[in-house]
Structures are given as C-alpha cells and as structure tokens.
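2 protein chains.
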Amino acid sequence: AAYSAAAASPSRLLLRQLFEKESSTYTYLLADLAHPDKPAVLVDPVDKTVDRDTNLVKELGLKLIYAMNTHVHADHVTGTGLIKKKMPGVKSVISKASTAQADHLVDHADKIYFGGLFLEVRATPGHTVGCVTYVTGDGPDQPHPRIAFTGDTLLIHGCGRTDFQFTENYSRPSQIFTLPKDTLIYPAHDYKGFTVSTVGEELLYNPRLTKDEETFKSIMEDLKLTYPKMIDIAVPANMACGLQDATTKS
Amino acid sequence: AAYSAAAASPSRLLLRQLFEKESSTYTYLLADLAHPDKPAVLVDPVDKTVDRDTNLVKELGLKLIYAMNTHVHADHVTGTGLIKKKMPGVKSVISKASTAQADHLVDHADKIYFGGLFLEVRATPGHTVGCVTYVTGDGPDQPHPRIAFTGDTLLIHGCGRTDFQFTENYSRPSQIFTLPKDTLIYPAHDYKGFTVSTVGEELLYNPRLTKDEETFKSIMEDLKLTYPKMIDIAVPANMACGLQDATTKS
Ligand SMILES: [Fe+2]
Ligand SMILES: [Fe+2]
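Protein sequences appear in the order of chains A and B. First residue of the first sequence: 1, per this note's numbering; consecutive thereafter. First residue of the second sequence: 1, per this note's numbering; consecutive thereafter.
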C-alpha cells in the first residue's frame, strides 16, 4: 500500500490544518496559490478561533470566499457566522440535507470551486443525516493524492457517534472507501493527537467502519455515550451559521 | 511569496505530525517509502505517547531506526528510552552539544540517513545551548520544498524561552532563516493550534526572532516566566533518553 505524506502540488494548493483544543476540532484552510486572487476556503471553522483563522488568511494574502461546514456540529459552535461579519463577501456553505441555513446549500456531487481547484461534495450520512465529505477534485490540475475532509463521518480509526441528530445508523461510508487508497483523510476531530490518515489505512484498521452493518450497529449501540455537553447550545446555533440572532444573517 | 501546503515527493517521503496534548508537543514520524525496508525516524517522541507512535510505525509497515531529539526538553520526558526498550535496534540521537547521553551524538552539518533520504543537523542554540534543527536534504531526490524540524528554537510566530539551560540568549537563527522561503517549519510545540509555517512567513511575522539582538534580549527578559513545572523531572531524565535508571541504557 502506498501511504502518502501530505498534499502534493505544493506550489498550487495551500493546505493548513488548525486545531481547537477545547473541542479537539480541526479546521482546514485551503487556497489556490496559482490563481492571482489566491481564493481560499475554510472547512469547519470554530467560533473561538475565528480571529486566529482570519488573521492567518490575511497574513498569507488569501481571499477567503467560502466558510464551509461538513455538518451541523453538536460539540462546538461554528465560526462561519462570525467570519461573515468580519469578512463581508464570504459565503457560508452546508449541505441541503442538513436543513440548516447557509448562503450556499450543496447537494451530493456538487463542485465547490476556489480558483482552478475544487472540492466535490459527497453525501456521507451516518453521524448526522446531512453529513458530507468534501473531496479534492480528480484531474491533472488537482492535488495528488486526493484529499478527503470527512468531518465526523470517518475519524482516524473511529467515527462520530450515531445516536442523535436524525441519523439512521449508516455504516461503511462507501463514498469515502471507494476513493484511491492513497487519498488523505483529514477529519474534523482527533482525540489522540493524530492529524491525518489515508483511505488505505482506514480500510485496514478502522475498528468500526470496516465492520458489516449488523456489527457496526451493535458496536455503536454499546457505546452508551453520555448526552453531549454542548448540543443544546451548539445545534440551534449551528442551524444558522453559529449566530442564533436571525438578523445577523446577510 | 510562495507558501506551500505540505511535503512534496508524496510517493517517497512519509511525514506524520502527532500531537501530545498535555505538553502541546509535536512528534514527527518520517520514512522513506521508496526504500524496501521503509526506514523511519521519530523526532521528539514523548514518553506518554510511545504506544501510539510505535503502533503507528507497525501499522504503516515501517522500520524505525532512529528516535531523535532536537534538544534536552524541560517540559516533557522524551520517549526515546521507552522506544528503544519496545523496539530493540532503534538508536537514540541527540546533539553532542547537549551533553546528554544517546547512541548517536551529532554535530552541526552531520547527515542522518533513513534510506535514501536524510536530515541535515543545523546547530541552532538559543533555547538551549545544544538545540539543533533537523532539515531535510537538498537535492533532486530529497523532498521539495525542504522541511525544517526546529524544536523550540523557532516556534510558529514565537520561540522557546531562553532563560534556563546554559543558554547565551541567541537571537536570529540564521541557520533557519537562510533556508529557502518555502521551507516548511515544523516546531516541537504549538499552543494555539497552528501545525506548520514557512521560513517566508516567519521572516515576516515572527514577533521575536525578526528583531535585532538587543531588542530580542529585552523581549525575552521581560517575559518574566515562571519556573518550568516539569524541569526538575524532565531534564535529568532527558539527559539519559528519558530513563534515569542507567542500567536500562543499551
Ligand atoms: Fe459532529
Ligand atoms: Fe524545550
């Protein structure tokens, strides 16, 4: 199996992984450096680290165009609303299936362009019914290996809980597992200090998602997780870009 | 300025960044995937995460040959001694200038090979007198952009304290700042969730190391830092690969 280090096309794609300690959330900054504007997107920004992230965008001379979520998070408040206030012109993005509000509601198979690079939307329900995975494009001008931002659908050697938020307890995320084995996996969280994995590694070592549906269900039901601390604050806020006050929505 | 995403030569260099939350330490796993043995090195492993790191080495089918430190850490106990116990044949590495014990004591300009790839040793005293930066090699078969593992000499938009451990309060690390601007900087710590920077960014935005020596000294003296919590445990242990019991040293 070919295990890859990190994003290629280093002269074109900028990729920065950022960590928020309290919720152990990873935020990702991507930009097309080959485009004169250096258009950029943020995936899964957190409200508490909006200043850090927008400062980094400025330092790197990027033009942020989208602030995107993989799903309606239950453990932290999204930074998309605050980012839109600080950087007018930025559009929020989430899946239509999430039933949340955003400037762009995306469907499976949609493409989200930033410069000449793009992210493909892949529906990967399970953790929530509206979970999507954003995958870099296929093609000679796109990063190689491909990169999948899996949210909580696929965590490194794990997956997000499936016991709340209208889920139907899906198991194997075939929309991720059919990607090339060297595809880099960047999740929304890690609690053990891992930063990246690959499809090949998760096909071998993921202790949950490699199981058949029956086994998966019984593993997930046996977890007996406590009620998520932040859910009653985070979910209503995240249904509206992290800003519960509807008048702030542009 | 060209800001790069991540390590190139993705088919050859494996690079994994790993985080230890308690001390906010980054450990790095590097391997040459083009060599049949997949020889690997760990930079700045932490005692508490040795199991995680050695499991990852096994999962990826790598052959760990060196467990290296950038310096004698004062905030955590190195994992090198434990790794040697778990994986006989692994050699510990530290700079001769550190006066610590290890299997290989390295000097400025030494090269540390793992397969066909290597790390150059660059003396970067300041945080401690024996601090070194490990830099990937220059050449067509080596990763591009280059990658510098700076320990605590250069932290992202910061630097390690210079008020203990025989330091003479050096400022600008010219051995790092003369590297190409797109050189990736991977530090031993980050406290704000940044994972990587570049020489170009630090030349522009590092608020300490960009200053002249006088200003640098007064900034560092004004920090009025408290006595490091772990220093009396960590330093004596780290002088001997994290194992104070000398009989355990191979
Ligand atoms: Fe979630
Ligand atoms: Fe240190």
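Each residue gets a CB set at the ideal place from its N, CA and C atoms; glycine is no exception.
Query raised in the report: Are any of the Cβ atoms in chain A nearer than 9 angstroms to that of B/T150?
Result: Within the second sequence, numbered from 1, the residue matching residue 150 of chain B stands at position 150. Chain A contact via Cβ: absent.
**Report entry** Runs of alpha helix (DSSP H) wholly within the stretch 10–60 of chain B (minimum 4 residues, chain order)
**Finding:** Correct list: 50–59.
Query raised in the report: Using the C-alpha atoms, what's the distance from B/L13 back to B/L56?
Result: Position 56 of the second sequence, counting from 1, holds the residue named residue 56 of chain B. Position 13 of the second sequence, counting from 1, holds the residue named residue 13 of chain B. When only Cα atoms are considered, B/L56 and B/L13 end up about 16 angstroms apart.
Report task. Using the Cα positions of B/A40 and B/S11, report the straight-line distance between them to the nearest angstrom. Result -> Your numbering for residue 40 of chain B matches position 40 in the second sequence. Your numbering for residue 11 of chain B matches position 11 in the second sequence. Roughly 15 angstroms separates the two Cα atoms.
Report task. Go ahead and pull the three-state DSSP assignment for A/G79. Result -> Translated into positions along the first sequence, residue 79 of chain A becomes position 79. Coil, per DSSP.
Query - Inter-residue spacing [alpha-carbon to alpha-carbon] between A/E202 and A/E22 - result: Locating residue 202 of chain A in the first sequence gives position 202, where the first residue counts as 1. Locating residue 22 of chain A in the first sequence gives position 22, where the first residue counts as 1. The alpha-carbon separation between A/E202 and A/E22 amounts to approximately 26 angstroms.
Requested in this report: State the DSSP-derived secondary structure class of B/A1, mapped to helix, strand or coil.
Outcome: Looking up residue 1 of chain B in the second sequence gives position 1. Its pLDDT being 31, under 50, B/A1 is placed unreliably by the model, and the measurement read from it follows with that caveat. In the three-state DSSP reduction, B/A1 falls in the coil class, being neither helix nor strand.
Query raised in the report: Any residues in the stretch 38–59 of chain A with a beta carbon nearer than 7 angstroms to a beta carbon of chain B? Which ones, in chain order?
Result: So the close ones are T49, R52, E59.
Query raised in the report: Is there at least one non-hydrogen atom of ligand 1 closer than 8 angstroms to the beta-carbon of B/H144?
Result: In the second sequence, counting from the first residue as 1, residue 144 of chain B sits at position 144. For B/H144, the Cβ stays outside the 8 angstroms cut-off from all heavy atoms of ligand 1.
Query raised in the report: When we look at the beta-carbon of A/I94 and count the other beta-carbons within 10 Å, is it buried (16 or more) or exposed?
Result: Counted from its first residue, the first sequence places residue 94 of chain A at position 94. Around the beta carbon of A/I94, a 10 Å sphere encloses 16 or more other beta carbons of the protein chains shown; the residue is thus reported as buried.
Query - Beta bridge counterpart(s) of A/G116 as assigned by DSSP - result: Locating residue 116 of chain A in the first sequence gives position 116, where the first residue counts as 1. DSSP lists no partner for A/G116.
Query raised in the report: Would A/T195 count as contacting chain B if we go by Cβ distances under 9 angstroms?
Result: Here the question's residue 195 of chain A lines up with position 195 in the first sequence. Yes, A/T195 counts as interfacial toward chain B.
Query raised in the report: What number of angstroms, rounded off, separates the C-alpha of B/N206 from the C-alpha of B/H189?
Result: In the second sequence, counting from the first residue as 1, residue 206 of chain B sits at position 206. In the second sequence, counting from the first residue as 1, residue 189 of chain B sits at position 189. Between the alpha carbons of B/N206 and B/H189 lies a gap of roughly 15 angstroms.
Report task. Report the option in B/V135, B/P36, B/G126, B/P45 whose CA atom is closest to the CA atom of B/G115. Result -> Against the second sequence, residue 115 of chain B aligns to sequence position 115. Answer by Cα proximity: B/P36.
Requested in this report: Classify B/M220 as helix, strand or coil using the three-state DSSP reduction.
Outcome: On the second sequence, position 220 is the one that residue 220 of chain B refers to. Three-state result, B/M220: helix.
Requested in this report: Could you tell me whether the Cβ of A/R146 comes closer than 9 angstroms to any Cβ of chain B?
Outcome: The residue labelled residue 146 of chain A in the question sits at position 146 within the first sequence. Not flagged as an interface residue toward chain B: A/R146, since no C-beta distance is shorter than 9 angstroms.
Query raised in the report: Heavy atom of ligand 1 less than 8 angstroms from the Cβ of A/G258, yes or no?
Result: The first residue shown for chain A is 1 and the last is 250, placing residue 258 of chain A beyond what the model contains.
Requested in this report: Indicate whether A/A234 and A/I185 have their beta-carbon atoms separated by less than 9 angstroms.
Outcome: Against the first sequence, residue 234 of chain A aligns to sequence position 234. Against the first sequence, residue 185 of chain A aligns to sequence position 185. Judged by their CB atoms, A/A234 and A/I185 are not nearer to each other than the 9 angstroms cut-off.
Query raised in the report: Contact check, A/K96 vs A/D107 under 8 angstroms by CB: the rounded distance?
Result: One-based indexing of the first sequence puts residue 96 of chain A at position 96. One-based indexing of the first sequence puts residue 107 of chain A at position 107. Right, their Cβ atoms sit about 6 angstroms apart.
Requested in this report: Taking only the alpha-carbon atoms, compute the straight-line gap between B/A74 and B/E221 and give it to the nearest angstrom.
Outcome: Start at 1 with the first residue of the second sequence, and residue 74 of chain B comes out as number 74. Start at 1 with the first residue of the second sequence, and residue 221 of chain B comes out as number 221. Spanning the alpha carbons of B/A74 and B/E221 requires a straight line of approximately 19 angstroms.
Query raised in the report: Which of the residues in the stretch 198–210 of chain B, read from start to end, lie with their CB under 7 angstroms from any CB of chain A?
Result: Listed by position, the residues of the stretch 198–210 of chain B near chain A (Cβ gap below 7 angstroms) are E201, Y205.
**Report entry** Close beta carbons around B/P180, own chain, < 8 angstroms, minus the five adjacent residues each side
**Finding:** Stepping through the second sequence from its first residue, residue 180 of chain B is reached at position 180. Excluding sequence positions up to five before and after B/P180, its CB lies within less than 8 angstroms of the CB of P145, R146, V199, all in the same chain and listed in chain order.
Query raised in the report: Do A/R172 and A/T133 have their CB atoms nearer than 9 angstroms?
Result: The residue given as residue 172 of chain A occupies position 172 in the first sequence. The residue given as residue 133 of chain A occupies position 133 in the first sequence. Inclusion of A/R172 and A/T133 in the CB contact set at 9 angstroms is not warranted, their separation being larger than that value.
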